[in-house]
Each structure stands twice: as C-alpha cells, then as structure tokens.
Amino acid sequence: MTPSYDNTYTMKERNVLIIGGGPAGMEAAHQLKQLGFNPIIVERNDKLGGHLAQWDRLFPTSETAEGLLERLKENIKDVEVRLNSRITNIEKNAETFHVTLSNNKNFDVDAVVICTGFDLFNAEKKQEYGYGIYDRVITNAELEEYFKTHNDKRIDEPQRIGFVHCVGSRDIKVNNTYCSKVCCATALKQACEIKDEFPDADVYCFYMDLRMFGKGYEDLYLKAQKDFDIKCVRGRVCEVSENIEGKLVIKAEDTLLGTPMKMTLDLLVLMCGMEKSKGADEIQKMLNIESNKDGFIENLGAFVGMNKTKEKGVFVAGACTSPKTLPDTIAEARSTAMEVYHYLCNN
Amino acid sequence: MRPTFDPFVIPFVASMTFVLAYCIIGMIRIVFQLPKEDRRKFLRSLITPKIFWKNIKDLFGDSLFHVKIWKRKPLLGYMHSAIAFGWFMIIVVGHFETVALSPLKDMHLPLWEKLMSNLYMPIFFRYFAVEAPTLNAHIFAFLMDFFLLVIISGIVIAVVKKKRPRKVGLKRVTKFGLKEDLVRISLWTIFPLRFLAEASMANISGGSFLTKFIGFDLLFGGHYSETLSYILWWAYSTDLAIFMTLLPFSRYMHIPAEAFLILLRNAGLKTTEPRKGYAVAEIYSCPSCGLCIDVCPMSEVKENYRNTAVYFIRNIRKGKRRRDVKHKTEICLMCGKCIEVCPLGIDSLKIKMAQREKTYYKIKSDFEYLSQQTTDNRQQTVNKADKVVYFAGCMSHLTPKITRAMTKIFEYANENYEFLDKEGSICCGRPMMLTGKKEEAKALIEKNTEMIKKSGAKRLVLSCPICYRVFKEEYNLEGIEILHHTQYINELIEKERIDVDRSDKRYVYHDPCELGRVFGVYDEPRNIIDNIGLLTQGKSDKDMAVCCGGSIASLTMTKEERDEITKNAIKDLTLNHPEEIVTACPLCLKTFARFAPIKVKDIAEIVEENIVEN
Chain A
0 MTPSYDNTYT
10 MKERNVLIIG
20 GGPAGMEAAH
30 QLKQLGFNPI
40 IVERNDKLGG
50 HLAQWDRLFP
60 TSETAEGLLE
70 RLKENIKDVE
80 VRLNSRITNI
90 EKNAETFHVT
100 LSNNKNFDVD
110 AVVICTGFDL
120 FNAEKKQEYG
130 YGIYDRVITN
140 AELEEYFKTH
150 NDKRIDEPQR
160 IGFVHCVGSR
170 DIKVNNTYCS
180 KVCCATALKQ
190 ACEIKDEFPD
200 ADVYCFYMDL
210 RMFGKGYEDL
220 YLKAQKDFDI
230 KCVRGRVCEV
240 SENIEGKLVI
250 KAEDTLLGTP
260 MKMTLDLLVL
270 MCGMEKSKGA
280 DEIQKMLNIE
290 SNKDGFIENL
300 GAFVGMNKTK
310 EKGVFVAGAC
320 TSPKTLPDTI
330 AEARSTAMEV
340 YHYLCNN
Chain B
0 MRPTFDPFVI
10 PFVASMTFVL
20 AYCIIGMIRI
30 VFQLPKEDRR
40 KFLRSLITPK
50 IFWKNIKDLF
60 GDSLFHVKIW
70 KRKPLLGYMH
80 SAIAFGWFMI
90 IVVGHFETVA
100 LSPLKDMHLP
110 LWEKLMSNLY
120 MPIFFRYFAV
130 EAPTLNAHIF
140 AFLMDFFLLV
150 IISGIVIAVV
160 KKKRPRKVGL
170 KRVTKFGLKE
180 DLVRISLWTI
190 FPLRFLAEAS
200 MANISGGSFL
210 TKFIGFDLLF
220 GGHYSETLSY
230 ILWWAYSTDL
240 AIFMTLLPFS
250 RYMHIPAEAF
260 LILLRNAGLK
270 TTEPRKGYAV
280 AEIYSCPSCG
290 LCIDVCPMSE
300 VKENYRNTAV
310 YFIRNIRKGK
320 RRRDVKHKTE
330 ICLMCGKCIE
340 VCPLGIDSLK
350 IKMAQREKTY
360 YKIKSDFEYL
370 SQQTTDNRQQ
380 TVNKADKVVY
390 FAGCMSHLTP
400 KITRAMTKIF
410 EYANENYEFL
420 DKEGSICCGR
430 PMMLTGKKEE
440 AKALIEKNTE
450 MIKKSGAKRL
460 VLSCPICYRV
470 FKEEYNLEGI
480 EILHHTQYIN
490 ELIEKERIDV
500 DRSDKRYVYH
510 DPCELGRVFG
520 VYDEPRNIID
530 NIGLLTQGKS
540 DKDMAVCCGG
550 SIASLTMTKE
560 ERDEITKNAI
570 KDLTLNHPEE
580 IVTACPLCLK
590 TFARFAPIKV
600 KDIAEIVEEN
610 IVEN
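Chains as they are written, first to last, in numbering that gives the first Met the number 0: chain A, 0 to 346; chain B, 0 to 613.
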C-alpha cells in the first residue's frame, strides 16, 4: 500500500522528542523540522555538539570539528532545544509519550528518537597501560584537547611517542569484543598532527590490524608513512612501566617480525574506544528497550530495521546502537528522520 | 542343641573370602607400584611407634567416625558414623559374644573347621545360639541390639539423603548407574534383614529390646515359624554375599581402601603417577559422596557439575575414555575446595597434575631472554644483612598500581630493599608446572634462584600468590625467608614501622586460592584491613572462598564459563554491601575488575592510600 500523506496539515502539532544533542540528534532534528514536524532536543549538557564539540580536527580531511559543528547548529536554529535537562520519566499512553524533565516541565510527544551516543572507554580499566598511574600516559581525547588549547604540561617536547590502538575495543578481557571503528583513522590522524608539531619526534603506532575502510582512510595511512614517517608496528603493547627518570618503558611484540620489543617513550597515547553512553541506561529502562550483547541499544536488525526499536514510536540514530563514524552517524540520522516521517503519517 | 553349621552361611563365607583376597592382592599391588623410596618409607612407617599411634587414631577418627564430615555437616557425620562405627562395633562385640557364649566353645573340632566357623559364627550367632539366662548374655544381647538400632537409624538418614538431598544440607548428590544402585540397595537391606532374621527366632536364641520385644513380640506377634525364619537367614546371608561380591567393583570399595590410604598418607607419601601407587589408593578410597560437587565453582554452570572431582576420579577408576579424563584434568581451576571438603582429603589435584605431566602439549618455549636478564645493579652496594628483595612477578607488572603501592610502602618503612624484577620479570615457573612442563620450569627456577641469591637478601617479598606457591614449593632458597606482601605488610604494621589511618570504610576481603587454601594465610590480610577500615563478611570465606574464575590452572575453560564463576564470586562477596573489594592477588584483581559493581583493590593499594606520613 502506498501511503497517502494527506494529513500533512497536522504535522506542525506533532512533537518528536530527540534525546541527545550531538551530531545525530542535531541532524535528525534538522531533517524532521524540514519535514514539517516539531522536534524538541533534550540535552543534559550546557551546550550542543556532544563529543564533536571536544574534537579539534576530523579525519580523513582534517577539516575543523568546529566548522562542522557550526553548520549542524545553523541548521537547527529554529528547533526547540532544552539544555541542562535530564529526562526523569517517559510514560507511554496509547499513541503518545508523556515526557517529564528534570526541571519538572512536561509535555507530550508522538515519537521519540534516542541519540544518546557513546562514552569513551575508561582507560583506567586497562591498568597495564598505566593510565591514571603514570603521568605521561594520556588518552586520544586528551590529545585532541591539547591540539585545541595547546595547554598540557605532560606534552613537553616529546622525543618518542607511542599510540596504542584498540584500547577497550576488540578486547575480550574488558568484555568489549567489537571494533570501535574510528580509532585507527584517528590514531593516524593524530600521529601526523603530533609529528607536525614535533618534527624531530619518532612516532609509533601499535596496532592489531589497521581497519582503514572509509573513503580516504587508506590514503591517510599511506600519507602517514610516506610524508610523516610514522612507524606502524603490528602488535599489542602488553606492559607499561616508568623508569627512574620518569620516562615510560613499554613492552610490546612485533608480530610481523616475531620478536618482543622494549622501548622508552616520552608520551603514550591510548586510543580509547566507544562504549554506550551510561545515560542511555535510564532512558532504556523508561522505554523498555534492551541492550545487545555489546552493551549498545538493540535495534530491529542490521539492515532495514536499523533505525527502529521493538517499541513502536521509539527510534534510534547514531552511536547509541554501535560505534559509528561521523558520516555514518549523519546518514543514519537522516534515514531515521524518514522513518519517523512514515510512522507519524501512518498514524 | 542347635546345629553348628548350616548351608546358608556358604554365600557369606565365600564372598567374604573373595573380598579379603581381593583387598590383600590390591594392597600388595599398590605397595609394589610405589617408587622404591616411597615403599621403604611406607614399610618403615608401620614400625615407627609415633606413626603407629597416629594410624590408630586416624583409623578411628577418619574412617570410622569421619570427624571431618561431622564438622561440616553434622547430620551426614552421624549417618556415616552410625553405619560405619555401628557396623564395626557389631563385628567386634559379635566376636566377643562368640568367644564368650559360642556353642562351639567346648567342642573339639578340627582346626580348619574352627577357623571357618570363626568367620561366620559371629555374623549368624543368633541362629546357632540358645538363649542363656546369664547376665553376660543379656549384656551382649543388649549391646548387639543397640548397635543394630544405631545402624538402622543411619540407614534411614541415608535413604532421606538419596531422596531429598536438601534435607541433609546438600544441593546435589552424585548420580549413579544401575550397578551402584544394586550395591546400595543390598547394603541398605543387610541390617533390616538381620533384624528380621534375629527377631524371627528370638524366643529360642534370645535377644534384647529390639529383636525380642519390638521384633519377636510385637512384629511377629510372639509366633515362631521355622520356615519363615530359615528363609530370612538365607536372605540375610545372600544379601551380604551380593554386597561383598560387588564391593570391590563399587564405590563401597572405599571401606577397605580408605583404611589403607590412611596408612600410606601417614607415611608421608604423595601422588607421583596418575594411575599407580598412591593415586590408586586415593581413587579407590573415594566414596563418591559428592560433597565436592556443591563447593566446586564449576558447578555454577549447571551442566558442568560433571567436571567435579568425584566424576574425575570415577572416570579414572573406570578406565574411561582418555578424552573424558583429559577434559576433566585440563578444565579444573585447581582452587582446592574439593580437597578441603573431602572427608578423606583426597588430593585429586595432584592426580591431575601428574596426569598433565604425562600429556604432551605443543608449546614452544624460547628462553633466550634469560641470558640477557640482568639485575638492577644500582642497589647492589647497600648493606646486605637486613636487605629485602622484592619480586613482583609478571602478573603484578600488569597491575602497576600494586608495584607502585609496594615501592611506596617500602620507602615509608625505610626498608633496605631491592626491586629485583623492576626492569622486567622472569616467569616464576608456575604456568609451566601447570602444563606439566617441569623441565622447562626448572630453567626459569634456576635463573630466578641465581638472581635472588646474588642479591644477598635474607627475605624475599612477593606480590603474587601464584609466584608465592611455586617459590615455596619448588625453589630451594635456603636461608631466605619467603613472604607474601600481606604477611610483610602485616609485620610492618605490627612492628609499627608504618602507620595507617583507620576510617569506617567497609571492605570485603577475597582469599586468593593459593594464599588461603594452600598456605593458610587468612589472618594477616584481615588484620591489615582491621587497621584500615571495617571488614565485612561475604557469603563464604577462608577455606570456603570461591575462586575468582581467572585461575591460570585451567587450560581449557571458556570465557563464558569463567565469567559465570566470576559473577557468582562477586555476588557472594558483595552480600553485605561493602564499598570496596580487597584481594591480594593481581590475577583475582584483574578478573574481578571486569564485572565488579564496586572498586576492586589490592591490599597493598589500600595500605598505601591510608598510610600516615611521619
């Protein structure tokens, strides 16, 4: 049956709750607004943008995160945004959802889009890498912050820098068996950037595999080796310690050469992977939506059902269902907007 | 005058002769299978007065009363004592009764007839005897009735245990096949049949409160039927014969075997071969009681209860397919709880270790790095007399919070120490031992020994219980005191070399298997925590503490199976809502950290956090 959408005149009164004001939430809101609905973004922080607001430059093109964020923001300037707000309750009535916020405001919506995104893996869980124990062990997010502000005492003319890929990803020992998708490219991007800043430094990337699957990623890998002399070592770092001068001593294995290696570093960057945002747990409880085996939100299948959940009227977009790159997230937000459109027009 | 012989005794006499012969041949075989050294040790032990008295004490305490079962499950303790000791007393009192009152006493019979009659007379005494009106006879009759009642009360509990294990405090009991069922039923019926047989002719042969008054007067209504009585005596003898004939092939072989095992154990012997000598005595001594099933962490996953010690031993005994034995040998976490609860202390782990030594595992070992290993020479110059050498081990290097805390503690205590493996560890050798590779382990052990001796220290402090075990058991470090850091830190606190702050933070302590069950280090860590905060109780601790699930001893257990054990252990530990879980093993720490809802810390960390600077 081809849906006849004669009822577009009612769309303006149709509210859609968007949980989370990151790239997925903003893009979904933008599309829904254009389709004639009234999206309402609820964001717990005091600003929009999610993790994007903390990044400096984006792979593989090195355009600024700020530029993308501004464009996404520009698109939703007419959208109702509630910052510093938490959802305390969602109650489903026949066809609508009654939403209560932390400031006791409440309203009804016709559909819900969950865009709660991800949290970075807590690197302290991998004690052997020494994060939180040794000063010169930092995370990818902290390095990105450094690129933005150039204010980090721990990064002081480093001569030797190591990047550890797959921290908290593809690691059965922390119960995360999935790939976080963005760390390989991010590591090489950051490796090039830090080499740019400290041209005399030796930069090593310790990887299991390099998964350079996206457009321009493989080129980034070649560029990193050819133009920036980044040394990629296939093998995991197994142990980090500190020597008497406060430098890091790492043990790793070069699995291509089949030899164990020991190296002194001035800086070690841990490429923390993605985990589902902890904030999503409460939302899932309210909406009765389960998690999948990786701990992310369970959607309705890998193909055509990816934007939906088993609850009618509850949709998902972005990294809340699995780790995603920015282009994937934005594409999914758009497709979710279409699904919401079909759902509301048929109701 | 009653007859002095009847054909119904033949089944019993024949089967009894068979069992005796079987056991004697079995014992001789085991003694010959022992390594020469062990054999000499065993024979010498039999004539050493001190061991002789210990043997007597243990034969009563362990095999007749089973003190160990009484301690854990009093009802089961009573059940076992009632049957075992009751039966023993019936035999002993029966013999005295025969000696005192036997109709054969004054007869002149050929010697062999006298010997044979000595075998059956005490068992079937009431058939051949005529009631004597003496006080002696009444006392004997009373004692015999009393112990018969004791045995029957034990059998009642045994029936309840079989039908409703939870009533006697067990979740699961061992499952048996048809043969075992038959032997069990024959055992359960021996004494009720004896009671009926004795009661049926108590008017002639006499009896006491049970056989005469309850049995003959009430049950048989004071009526004597010669045919019925004769049938009952035949049934009693046949039943005994069935039990005795099947005994060597059933779990009831434990009755003679465990007595022999006690002698071997008291001689100081241990398993060296998985299917020879001492191990055989242990295997035949297993009564398949199944006390090890409920405590085994593997039983957490329901289908895995068949990996427990009792089934492993049964597999070996039955000469089951190699694959089954191999599987059970390799999956075991070797936490040692089964030994702890085993009424006989059967060390199935030693059998498993011996079995692993026989298996070829394709592991390539490259020890080239040993030659490059150097010690940290900077500290070699310090005074060696009171020096402590610290060996963190590879697991502690993966948990740098522990090594950092330890170095800080050494410094606070102003200790003259050397961090032996600061620049990288040589493995202690335990993982190699666990795969049965003793030779390879030796290479590591020698290198570590050399380095430790070279340091000149008189004390060795370790952070990892896995290392601690192998250092204690396999290293020859004469003159060097080996300490786990729980012991060392406790000493520092007691001697007031470090000072800690006490808060009301709630901790729970997890006993690492190798520190707790293997070496009994229970008090030191608890004492340390008492000095720092409040120690709460988990569901089970000390010798009944649950393995964290991370044990390197299991070669084949899947992650999913391990995860279930870990989650269950955490559930047990957090029973009384502690704020932090404290352990003393880097492996337990890492394993728990994956699932624990609260912080997991090593004991050294909490000490370092709460240390007071002077």
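C-beta: ideal position from N, C-alpha, C; glycine also.
**Message:** Using 8 Å for Cβ pairs, my map puts A/N14 next to A/I40. What's the rounded Cβ distance?
**Reply:** The residue labelled residue 14 of chain A in the question sits at position 15 within the first sequence. The residue labelled residue 40 of chain A in the question sits at position 41 within the first sequence. So it is not a contact: roughly 12 Å between Cβ atoms.
**Asked** In chain order, which beta strand (DSSP E) runs of at least 3 residues are fully inside the region 223 to 258 of chain A?
**Response** 230 to 233, 236 to 241 and 247 to 253
**Asked** How long is the line joining the alpha carbons of B/R28 and B/P48, rounded to whole angstroms?
**Response** Here residue 28 of chain B is taken as the residue at index 29 of the second sequence, counted from 1. Here residue 48 of chain B is taken as the residue at index 49 of the second sequence, counted from 1. Approximately 25 Å, taken between the alpha carbons.
**Message:** Taking 7 Å as the limit between beta carbons, can you name the residues of its chain near B/E513, skipping five residues before and five after?
**Reply:** Taking the first residue of the second sequence as position 1, residue 513 of chain B is located at position 514. The answer, listed in chain order, is P464, I465, Y467 and R468.
**Asked** Going by alpha carbons, who is nearest to B/N530 out of B/E608, B/F242, B/V340 and B/V309?
**Response** Counting from 1 along the second sequence, the entry for residue 530 of chain B is found at position 531. Nearest C-alpha to B/N530: B/E608.
**Message:** Less than 8 Å between C-beta atoms, sequence neighbours within five positions excluded: which residues of the same chain meet that for B/R38?
**Reply:** As a first step, residue 38 of chain B is located in the second sequence; it is residue number 39 there, counting from the start. Result list for B/R38: V30 and F31, in chain order.
**Item:** A/N88: first and last residue of the uninterrupted beta strand (DSSP E) it sits in
**Value:** Translated into the one-based positions of the first sequence, residue 88 of chain A becomes position 89. I86 to K91 is the extent of the beta strand (DSSP E) around A/N88.
**Asked** Rounded to the nearest angstrom, how far is the Cβ of A/V98 from that of A/N92, given a contact under 8 Å?
**Response** Along the first sequence, read from residue 1 onward, the residue named residue 98 of chain A stands at position 99. Along the first sequence, read from residue 1 onward, the residue named residue 92 of chain A stands at position 93. Actually they do not touch by this definition, with Cβ atoms about 11 Å apart.
**Asked** In the structure shown, what three-state DSSP assignment does B/I444 receive?
**Response** Working through the second sequence from its first residue, we reach residue 444 of chain B at position 445. B/I444 falls in the helix class under three-state DSSP.
**Request:** Quick one: give me the first and last residue of the alpha helix (DSSP H) that A/M270 is part of.
**Result:** For the purposes of this step, residue 270 of chain A is identified with residue 271 of the first sequence, where counting begins at 1. Per DSSP, A/M270 belongs to no alpha helix (DSSP H); it is in the beta strand (DSSP E), L266 to C271.
**Asked** Where A/D107 and A/C183 are concerned, what is the direct C-alpha to C-alpha distance, given to the nearest angstrom?
**Response** Translated into positions along the first sequence, residue 107 of chain A becomes position 108. Translated into positions along the first sequence, residue 183 of chain A becomes position 184. Cα to Cα, the separation comes out at about 42 Å.
**Prompt:** Would a check of beta-carbon distances place B/T402 closer than 9 Å to chain A?
**Reply:** Stepping through the second sequence from its first residue, residue 402 of chain B is reached at position 403. With 9 Å as the cut-off, B/T402 counts as an interface residue toward chain A.
**Buried/exposed call for B/S249, threshold 16 Cβ in 10 Å** = Here residue 249 of chain B refers to the residue found at position 250 when the second sequence is read from its first residue. Flag for B/S249 reads buried.
**Request:** Please name the residue in A/I75, A/Q33, A/S61 and A/K246 whose C-alpha comes closest to that of A/L47.
**Result:** Residue numbering aside, residue 47 of chain A sits at position 48 when the first sequence is read from its first letter. Minimum Cα distance to A/L47 is reached at A/I75.
**Contact set between B/G423 and chain A, taken where Cβ atoms lie within less than 9 Å** = Indexing the second sequence from 1 puts residue 423 of chain B at position 424. The contacting residues are E238, S240, V248, K250 and K261.
**Item:** Cβ distance (whole Å) where B/G392 is taken to contact B/S462 below 8 Å
**Value:** Position 393 of the second sequence, counted from the first residue, corresponds to residue 392 of chain B. Position 463 of the second sequence, counted from the first residue, corresponds to residue 462 of chain B. Rounded, the Cβ-Cβ distance is 6 Å, consistent with contact.
**Request:** Quick one: grab the DSSP three-state call for B/R320.
**Result:** By one-based count along the second sequence, residue 320 of chain B stands at place 321. If DSSP states are grouped into helix, strand and coil, B/R320 belongs with coil.
**Distance, A/F58 Cα to B/P585 Cα** = As a working mapping, residue 585 of chain B is identified with position 586 in the second sequence. As a working mapping, residue 58 of chain A is identified with position 59 in the first sequence. Looking at the two C-alpha atoms, the distance is approximately 39 Å.
**Asked** In angstroms, rounded to a whole number, what distance separates the CA positions of B/V167 and B/G76?
**Response** Counting from 1 along the second sequence, the entry for residue 167 of chain B is found at position 168. Counting from 1 along the second sequence, the entry for residue 76 of chain B is found at position 77. Near 10 Å, if we compare the C-alpha coordinates of B/G76 and B/V167.
**Asked** Since B/L397 meets chain A, which of its residues come closer than 8 Å, beta carbon to beta carbon?
**Response** In the second sequence, residue 397 of chain B corresponds to position 398, counting from 1. Going along chain A in sequence order, the residues near B/L397 (Cβ under 8 Å) are Q126, E127, C237 and E238.
**Asked** From A/P322 to A/G294, what distance separates their C-alpha atoms?
**Response** Translated into positions along the first sequence, residue 322 of chain A becomes position 323. Translated into positions along the first sequence, residue 294 of chain A becomes position 295. The straight-line gap from Cα to Cα measures roughly 11 Å.
**Message:** For the region 556 to 576 of chain B, list every residue whose C-beta sits within 9 Å of some C-beta in chain A, in sequence order.
**Reply:** K558 and D562
**Prompt:** In terms of residue numbering, what span does the alpha helix (DSSP H) encompassing B/C463 cover?
**Reply:** The sequence position of residue 463 of chain B within the second sequence is 464, counting from 1. That residue, B/C463, is in no alpha helix (DSSP H); it is neither H nor E in DSSP.
**Message:** Taking the alpha-carbon of B/F87 as reference, which of B/L108, B/H107, B/S62 and B/P109 has the nearest alpha-carbon?
**Reply:** Your numbering for residue 87 of chain B matches position 88 in the second sequence. Of B/L108, B/H107, B/S62 and B/P109, the residue nearest in Cα terms is B/S62.
**Message:** For a cutoff of 9 Å on Cβ pairs, would you count B/F591 as touching chain A?
**Reply:** As a working note, residue 591 of chain B is residue 592 in the second sequence. So no, B/F591 is outside the interface.
**Item:** Opposing strand residues paired with A/C204 [DSSP bridges]
**Value:** Your numbering for residue 204 of chain A matches position 205 in the first sequence. A/C204 pairs with A/F162 and A/C231.
**Message:** For B/L588 and B/T398, which I take to be in contact (beta-carbon distance under 8 Å), what is that distance rounded to the nearest angstrom?
**Reply:** Numbered from 1 along the second sequence, position 589 holds the residue referred to as residue 588 of chain B. Numbered from 1 along the second sequence, position 399 holds the residue referred to as residue 398 of chain B. Confirmed, about 6 Å.
**Message:** I need the straight-line Cα distance from B/F11 to B/M297, nearest angstrom please.
**Reply:** Reading the second sequence from its first residue, position 12 is the one you call residue 11 of chain B. Reading the second sequence from its first residue, position 298 is the one you call residue 297 of chain B. In a straight line, the C-alpha of B/F11 is about 43 Å away from that of B/M297.
**Asked** How far does the beta strand (DSSP E) with A/H97 in it reach, from first residue to last?
**Response** Locating residue 97 of chain A in the first sequence gives position 98, where the first residue counts as 1. Note, A/H97: beta strand (DSSP E), F96 to L100.
**Message:** Please identify the residue among B/T3, B/L290 and B/R163 whose C-alpha is closest to the C-alpha of B/S116.
**Reply:** Numbered from its first residue, the second sequence carries residue 116 of chain B at position 117. Ranking B/T3, B/L290 and B/R163 by Cα distance to B/S116 puts B/T3 first.
**Item:** Coarse secondary structure for B/M106, derived from DSSP in three states
**Value:** Within the second sequence, the letter at position 107 stands for residue 106 of chain B. Coil, per DSSP.
**beta strand (DSSP E) segment containing B/K600, residue limits** = The sequence position of residue 600 of chain B within the second sequence is 601, counting from 1. First-last of the beta strand (DSSP E) with B/K600: K598 to D601.
**Prompt:** Considering B/H483, what are the terminal residues of the alpha helix (DSSP H) in which it resides?
**Reply:** What you label residue 483 of chain B is simply residue 484 of the second sequence in a count that begins at 1. B/H483 -> not in any alpha helix (DSSP H); beta strand (DSSP E) instead, spanning E480 to H483.
**Message:** Pull the bridge partners of A/E289 from the DSSP assignment, please.
**Reply:** As a working note, residue 289 of chain A is residue 290 in the first sequence. Per DSSP, none; premise fails for A/E289.
**Message:** A/N83 and A/D134 - do their beta-carbons sit closer together than 9 Å?
**Reply:** Here residue 134 of chain A is taken as the residue at index 135 of the first sequence, counted from 1. Here residue 83 of chain A is taken as the residue at index 84 of the first sequence, counted from 1. Their beta carbons are not under 9 Å apart, which means A/D134 does not touch A/N83 by this criterion.
**Message:** So if I threshold CB-CB distances at 7 Å, which residues from the region 64 to 84 of chain A count as touching chain B?
**Reply:** none
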